[in-house]
Each structure stands twice: as C-alpha cells, then as structure tokens.
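Numbering (this note's numbering), first residue to last: 10 to 45.
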C-alpha cells in the first residue's frame, strides 16, 4: 500500500509517499525560511 503523508507548520509544508511503511518513494519540502 502507498501512503501519502502531509505535514504543515507556520513556515514549511512537506509531503511524502511511502510504500509498505518502509520505502520512501518521494519526499518534498516547501519552505519560506530564505524569505525571512
């Protein structure tokens, strides 16, 4: 099974695709830190 995980905070958002609870297929992070 492939699971999409999403995490957000005040200055970052991330999303990951994980297969069978152990294989990370994709991981992306969007941040505003360089603008602060």
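Note that beta-carbon positions come from the ideal geometry of N, C-alpha and C, so glycine has one too.
Nothing here was measured: the structure is a model prediction, and the numbers come from that model.
Residue range of the unbroken beta strand (DSSP E) whose run includes residue i
i, result
"residue 25", "21-28"
"residue 42", "Here residue 42 belongs to no beta strand (DSSP E), and DSSP marks it neither H nor E."
Option nearest residue i by Cα separation, candidates the options
i, options, result
"residue 49", "19, 34, 39", "Residue numbering for the chain in the displayed model covers 10 to 45; residue 49 lies beyond these limits and cannot be assessed."
"residue 27", "20, 19, 21, 15", "15"
Under 9 angstroms between C-beta atoms of residue i and residue j
i, j, result
"residue 13", "residue 25", "yes"
Cutoff 7 angstroms; reference residue i; Cβ partners in own chain excluding five residues on either side
i, result
"residue 37", "23, 24"
"residue 29", "10"
Spatial neighbours of residue i in its chain, beta-carbon cut-off 6 angstroms, leaving aside the 5 residues before and after
i, result
"residue 39", "22"
Other residues of its chain near residue i: CB distance less than 8 angstroms, five sequence neighbours each side excluded
i, result
"residue 19", "none"
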